[in-house]
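Numbered as in the working numbering, the sequence shown ends at 281 without a single skipped number. The beta carbon of each residue, even a glycine, is placed where N, CA and C say it ideally should be. Data first, discussion second: the structure below is written as structure tokens.
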Amino acid sequence: MFLETLLATLLSAQAVPQSSAPAPAATVAQGAPAGAGKPLVTPSEAAKTPAPSGVNQAAPAQAPGKPASETKPAAKPATPMAPEVKTLVDRMQAFYEKTGDFRAGFKQDYKYKTFRRTQSSEGVVTYKKPGLMRWEYQTPSARTFVLAGNKIYAYDPAAQSLTVAGVDTSQLSASVTFLFGQGRLADEFAITKGACKDCKGTLLVLNPLKEEPRFKQVRLEVDPASAQVLKSTVVDPDGSENTISFVNLKTNVGLAADSFKLDVPDDTRVDDFTKQKKQ
């Protein structure tokens, strides 16, 4: 299903093979604009498309009757970053802090360890502060995901369905929020420089300082000249890898808030999981 994004992507739930049953999508966003008589952006059956890397599901609730000390393992002591790594991380965070919006093409490769296969997708991602994000999947099938406030909207034109789900943005990892100009990676990760023969940039390996149920590791390939992320890989607990490569990224292009509205046909089925069912 769609990863909560990215970065954007991020906010990510583990992807599900297309042959699997759909699962509710989860993503981060800021208030979706309302359309005249038509439902706007929402997460549809996102189970058919892996979510952008960097997005993660909310952490499990604390077990009842147990003190926080028993359910939340203590964080590992942070190891000081190497000077060259710290310089690049600081520049990378500064790059996204001064970015008001961006547009980029993306290619997503989700390597399923259990199924021993890779699912590839391509499309365009756009982002605008404070927290509007749109993932427009073009291949292998058209799908749109919009993050707005504490809701995510997913639209599947083939199924004529629009799904709306909520997400607790306070649970998002810094591996996602730094792309929004928020969160400090060094507060949550031990960051080292990795070896990579095929990388176009510098590979940063981020290992969580405390036990993280949503992912095992995050890898960021960073352009040493611009300090922007060229590729993001999230390693799931089962060893599957969700990789998103960004191309032709343009920043501060003046995106309009209306470009994040999702205008769908009147006969679209809407499943809104944010509304409480009446008893």
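Problem - Cut-off 6 Å between Cβ atoms - residues of its own chain near GLY67, not counting five sequence neighbours on either side - result: Reliability fails at GLY67, whose pLDDT of 48 lies under 50, so the model's placement of it is uncertain and no value is given.
Handout entry: Spatial distance of ARG119 from GLU243 (CA atoms)
Key = If I take the Cα positions, the gap works out to 11 Å.
Practice task
Taking the CB atoms as reference points, tell me whether LEU134 and ALA259 lie closer together than 9 Å.
Solution key: With a cutoff of 9 Å on beta-carbon distance, LEU134 and ALA259 are scored as near each other.
Problem - Cβ-based burial, ARG186 [other Cβ within 10 Å; buried from 16] - result: Under this definition ARG186 is an exposed residue.
Handout entry: Exposure of ARG145, with buried meaning 16 or more beta-carbon neighbours within 10 Å
Key = A buried status is given to ARG145, since no fewer than 16 other beta-carbon atoms sit within 10 Å of its beta-carbon.
Exercise for the section: Going by DSSP, name the residue or residues bridged to TYR98. Expected result: In DSSP, TYR98 forms no bridge with anything.
Handout entry: Span separating the alpha-carbon of ALA161 from that of ASP265
Key = If you take the alpha carbons of ALA161 and ASP265, they lie about 15 Å apart.
Exercise for the section: Tell me whether the beta-carbon of ILE193 lies closer than 9 Å to the beta-carbon of VAL91. Expected result: For the 9 Å CB-CB criterion, ILE193 and VAL91 form a contact.
Handout entry: Three-way DSSP call (helix, strand, coil) for ARG145 in this model
Key = ARG145: strand per DSSP, three-state reduction.
Exercise for the section: Could you tell me if GLN140 is buried or exposed, where buried requires 16 or more neighbouring beta carbons within 10 angstroms of its beta carbon? Expected result: Exposure of GLN140 is indicated by the presence of fewer than 16 other C-beta atoms within 10 angstroms of its C-beta.
Practice task
Taking 9 Å as the cut-off, decide whether the C-beta atoms of TYR129 and PHE104 are in contact.
Solution key: Contact: yes.
Problem - Cβ distance (whole Å) where LYS199 is taken to contact GLU223 below 8 Å - result: Actually they are not in contact, since the Cβ atoms of LYS199 and GLU223 sit about 12 Å apart, beyond 8 Å.
Problem - Start-to-end residues for the beta strand (DSSP E) that takes in GLU243 - result: First-last of the beta strand (DSSP E) with GLU243: 243-253.
Problem - One or two residues paired with GLN219 in a DSSP bridge - result: DSSP, once it has assigned bridges, lists VAL237 as partnering GLN219.
Practice task
Have a look at THR204 and TYR98 and give me their C-alpha separation to the nearest angstrom.
Solution key: If I take the Cα positions, the gap works out to 17 Å.
Handout entry: Option nearest VAL207 by Cα separation, candidates VAL231, GLN184 and VAL166
Key = Per the Cα distances, VAL231.
Exercise for the section: In the DSSP assignment, find the alpha helix (DSSP H) that holds ALA188 and state where it starts and stops. Expected result: DSSP places ALA188 inside the alpha helix (DSSP H), whose first and last residues are 187-190.
Practice task
Could you name the residues that DSSP lists as bridge partners for SER122?
Solution key: Looking at the DSSP output, SER122 sits in a beta bridge with ASP111.
Practice task
Using alpha carbons as the reference points, say which of PHE191, LYS233 and ALA227 lies closest to GLN219.
Solution key: Looking only at PHE191, LYS233 and ALA227, the smallest Cα-Cα distance to GLN219 is reached by PHE191.
Problem - DSSP-derived helix/strand/coil call for ALA160 - result: In the structure shown, ALA160 sits in coil (DSSP, three-state: anything other than H, G, I, E or B).
Practice task
Give a yes or no on whether the minimum CB-CB distance between LEU181 and chain C is below 9 Å.
Solution key: As a matter of chain content, chain C is missing from the structure shown, which is built from one protein chain.
Practice task
For THR253, collect the residues of the same chain with a Cβ closer than 6 Å to its Cβ; drop the 5 residues on either side in sequence, then sort them by chain order.
Solution key: In its chain, beyond the 5 residues on either side, THR101 and PHE104 have a beta carbon closer than 6 Å to the beta carbon of THR253.
Exercise for the section: Give the single residue among SER228, GLN95 and GLU86 whose Cα lies nearest to the Cα of VAL178. Expected result: VAL178 has its Cα closest to that of GLN95, out of SER228, GLN95 and GLU86.
Practice task
Count the other CB atoms, across all protein chains shown, that sit within 10 Å of the CB of ASP189; report buried if there are 16 or more and exposed otherwise.
Solution key: Under this definition ASP189 is an exposed residue.
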